[in-house]
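Okay, structure first, notes after.
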Amino acid sequence: MSATMDVKIEDGKLALTEHEGVDGWDASTPMTAVGQPATRLEGIEKVTGSARYSYDVRLPGQLYAAVLRSPHPHARITRIDTSRAEALPGVHAVISSANTPQIPWFEDSFVFDTTVRYVGDEVAAVAAVSDDVAADALGLIEVEYERLPHVTELEAAIRPDAPKLRDSGNIAGEPTVYDRGDAVAAMAGADVVIDAVFTTQAAIHNSLEPHGCTVAWEGDELTVWASTQSVFTIREDVASGLGIPEHKVRVIKHHMGGGFGAKQVAWKNDIIAPLLAKRAGRPVQLMLDRHAENLASGNRPPTRQHVRFGARSDGTLVAIWADIHIGNGAYQVGGEASNVSGMYQSLYRCDDVHTESRTVLMNTGPAVAFRAPGHVESAWVIEQVMDELARRLDLDPVEIRRRNYSPIDQVEDKPYSLPDGLAYCYDRVTADFGWANPAPPAVAGSKRRGRGFAAHDWAAGSGHPPAYAFAKLNPDGGIDLVTGTQDIGTGTRTGLAQLAAEELGIGVDQVRVQLGDTASGPYSPVSSGSSTMASIGPAVRGAVADVRQQLLRLAAVKMEVAAERLTIVDGRISVIGTTDQSMTIAEVMEDVAPANLLGRGARGPNPSDVSIRTFGAQCVEVEVDTETGEVTVLRVSTAHDIGRIINPALVDSQIHGGITQGIGFALTEERVVDHRLGMVMNANLEEYKIPTMLDVPPISHAHVDVPDSVANITGAKGVGEPPLIPTAPAIANAIFDAVGIRVHDAPISRQRMLTLLAEHGQSAAPEVAR
């Protein structure tokens with residue numbers, strides 16, 4: 005059955021709701037393609053080096069662009085002279101605020117603004133016959149600056165006497181306040197109160213493939229090959245910036261080397277490249293190098309979280325209070341940079357909750373969503389405080405969480421679609437880890453061992469409309485899927501092919517998936533929030549179900565039997581319950597060849613009477629060396645309520661990647677800024693320390709393969725972001741278990757660990773600590 009449509013007027017506008025027209029798979033439905041660790045469809049391309057990325061685009065006459073960036077954290081441009089750069093042989097275009105219209109960007113700024121607000125802000129750009137010539141041209145541009153006071157530290161930026169980035173001050177907009185009950189009054193009745201301040205650092209995405217694009221004009225139509233998490237967002241923002249209709253802009257994304265949230269929005273390079281190409285009259289490629297990538301393409305914002313948790317003597321929470329400051333950088337970029345307050349309101353049962361969150365402007369690169377934005381930062385605090393409450397009340401860390409378990413969404417006052425999802429994760433991960441077993445020896449020379457636990461929720465993995473897909477059944481029995489979504493390196497092509505194969509009853513190798521092209525694919529939302537499969541998957545299944553229905557109607561005529569009596573298994577159509585009468589799909593289609601059967605699918609609405617979330621929990625074991633301050637993660641067990649598992653190999657890949665980033669956030673990753681100069685000191689992969697394979701311990705994933713049939717017709721929910729959320733606090737809790745020190749400030753670097761050990765009289769080398 006094809007999708008159905010409901011249309012009505014809401015607030016004077018058309019409101020469109022579509023339904024898949026397909027029943028969800030029951031949890032007991034036997035599966036052949038779904039649930040299997042199918043090999044990635046693009047695997048051979050990637051391992052042979054033939055996979056095409058944005059950097060690999062080469063067009064006749066293509067030029068190469070470079071961007072001149074501000075050396076100052078805050079300054080006013082008083083003069084700019086590009087004449088020498090323009091005269092350099094091989095240079096075909098130079099643009100800056102001096103010769104470019106003021107194109108609004110980042111809410112209150114322009115693509116080329118006469119005020120720069122962080123080191124790395126765009127000042128001018130050139131397009132030349134090679135990267136080397138472009139770099140030489142940048143050195144010929146003369147710029148005079150009037151330097152202005154700057155502030156690059158979160159704590160300093162919120163002080164009344166701090167240098168101001170805007171006339172209105174450094175607090176962007178009004179505070180975001182949430183109240184449930186009266187947290188202050190309830191806190192007075194608590195038997196134990198934790199009152200503490202925690203901080204988290206600015207972290208850099210460091211996708212292996214930097215941001216960038218290649219663009220070409222053909223008349224008044226523009227094609228953009230972009231490394232992006234949303235081809236439709238790039239189309240919309242580029243068209244808006246250039247002042248041309250959206251249908252004049254085509255955006256293509258081939259393969260992609262990661263995004264982690266930073267590529268869900270359009271950046272200035274996406275508009276600078278078309279401006280250069282228009283001026284030069286030739287295609288232009290603008291790919292950022294690592295230094296520019298780590299300065300000007302987003303980061304996880306630093307936070308300061310002052311919290312009070314109150315509990316009764318039995319461990320049940322009576323009040324949660326949080327005052328949160330989020331360092332948003334110099335500009336407010338589209339996309340959710342950090343909803344830090346959300347998990348305070350939802351993870352544990354508590355009638356009285358107050359959160360107040362403020363976004364702080366600073367002279368640093370703009371913050372943007374980074375894998376599980378806000379939840380990573382809040383989990384660092386919430387899960388350590390829950391452990392501290394357990395310690396003071398002499399309770400097991402898992403037990404205190406069970407006593408505060410909530411089967412309902414307290415913010416929306418709705419039951420969860422799977423009310424026991426988090427409790428099931430508690431059971432699975434503690435059993436897998438052996439939490440109830442005696443702990444290993446805690447002391448060996450200078451080494452101390454400890455175990456930690458942490459949990460999380462995640463609200464975005466349920467997927468959502470609108471999302472559309474087309475399916476085309478070919479005469480040979482194979483099927484083409486066409487959708488506008490993008491595979492950002494997660495294996496989306498393969499997962500969608502498995503859904504299609506399951507619905508039609510064919511092999512995954514008979515499915516071809518076309519993604520990432522606004523000219524051929526119907527609309528699909530941004531690949532973020534762990535929502536891609538849960539958003540576009542139902543639309544794909546709906547489109548293939550439409551084709552399947554048409555196919556069975558054709559077969560019914562040819563086989564002289566009612567369509568309702570037919571089924572398809574392994575590409576063969578037969579009467580249910582017998583194999584005496586059967587035909588292959590190709591045999592049915594040969595009579596209508598060269599015609600195709602075309603199907604259309606649309607993602608239906610989420611149910612309004614339940615809340616759909618993903619949950620998870622992790623146990624870790626660490627070793628702390630009190631002589632060196634080194635923290636080594638020895639093993640991790642994890643369990644995540646993510647609905648039906650479409651492909652366990654893809655899920656394991658996301659689990660391992662998320663935990664690896666969580667280890668980096670906990671121990672090594674931090675954007676280091678010289679606050680006096682306002683400069684990032686480690687905007688490279690040598691000095692910004694991401695984990696290597698040697699830092700990744702054995703990871704055990706206790707699969708929670710429980711379809712959420714309420715969430716959508718595939719039963720799947722998102723998994724990309726949740727694994728990162730509990731890792732850092734679980735490590736911090738394990739460190740406390742090992743050495744009895746509560747680490748309030750992330751990351752837990754060797755230097756920080758040595759300093760804390762010295763302060764607590766445990767360091768074997770106190771002279772190292774400062």
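Residues 5 to 774 in the numbering used here are what the sequence shown lists, from first letter to last. C-beta: ideal position from N, C-alpha, C; glycine also.
By the DSSP assignment, the alpha helix (DSSP H) with residue i in it spans what residues?
i: E240; result: V235 to L246
i: N478; result: Premise fails: N478 is in no alpha helix (DSSP H) and is neither H nor E.
i: H295; result: R294 to A300
i: L212; result: Unbroken run through L212: none, as it is neither H nor E.
i: Y428; result: G425 to F437
i: M390; result: H379 to R396
Going by DSSP, what residue range makes up the beta strand (DSSP E) through residue i?
i: P733; result: Note, P733: premise wrong, no beta strand (DSSP E); alpha helix (DSSP H) at T731 to V743.
i: M291; result: V288 to M291
i: I324; result: L321 to G333
i: M587; result: S586 to T588
i: R639; result: V635 to D645
Should residue i be labelled buried (16 or more other beta-carbon atoms within 10 Å of its own) or exposed?
i: P64; result: exposed
i: T582; result: exposed
i: K267; result: buried
i: L226; result: buried
i: R774; result: Caution is warranted here: a pLDDT of 24 is assigned to R774, below 50, making its placement in the model unreliable, and the coordinate value is therefore given only provisionally. Classification for R774: exposed.
i: A19; result: exposed
i: R432; result: buried
i: M757; result: buried
i: L485; result: buried
i: D136; result: exposed
i: G495; result: buried
i: V389; result: buried
i: N273; result: buried
i: S534; result: buried
i: S317; result: exposed
i: G668; result: buried
i: H379; result: buried
i: A762; result: buried
Just verifying my parser: in three-state terms, what is the DSSP assignment at residue i?
i: M347; result: helix
i: G608; result: coil
i: W29; result: coil
i: I81; result: strand
i: E771; result: Summary for E771: the model assigns pLDDT 35, below 50, so the residue's position carries little reliability; its value from the coordinates is reported in the next sentence. Helix.
i: P419; result: strand
i: M697; result: helix
i: A446; result: coil
i: Q554; result: helix
i: G177; result: strand
i: E225; result: strand
i: A220; result: strand
i: R453; result: strand
i: V548; result: helix
i: M563; result: helix
i: P108; result: strand
i: F114; result: strand
i: A473; result: strand
i: V592; result: helix
Round the Cβ separation of residue i and residue j to the nearest angstrom and send it over; I've been treating them as touching at under 8 Å.
i: T522; j: S345; result: Not confirmed; about 35 Å, so no contact.
i: T672; j: P751; result: 6 Å
i: V357; j: Q349; result: 6 Å
i: G722; j: A315; result: No, G722 and A315 are not in contact; Cβ-Cβ is about 32 Å, not under 8 Å.
i: P730; j: A621; result: 6 Å
i: A89; j: L144; result: 4 Å
i: L508; j: D491; result: With 8 Å as the limit, L508 and D491 do not qualify as a contact, their Cβ atoms being about 21 Å apart.
i: I717; j: V26; result: 5 Å
i: A475; j: G603; result: 4 Å
For residue i, decide whether its Cβ has a neighbour in chain B, counting only Cβ atoms nearer than 7 Å.
i: V123; result: The displayed structure is made up of one protein chain only, and chain B is not part of it.
Cβ atoms of residue j and residue i: under 7 Å apart, would you say?
i: T368; j: N332; result: no
i: T636; j: E627; result: yes
i: G488; j: P526; result: yes
i: A128; j: S172; result: no
i: Y122; j: Q289; result: no
i: F619; j: C429; result: yes
i: S234; j: M260; result: no
i: D480; j: A590; result: yes
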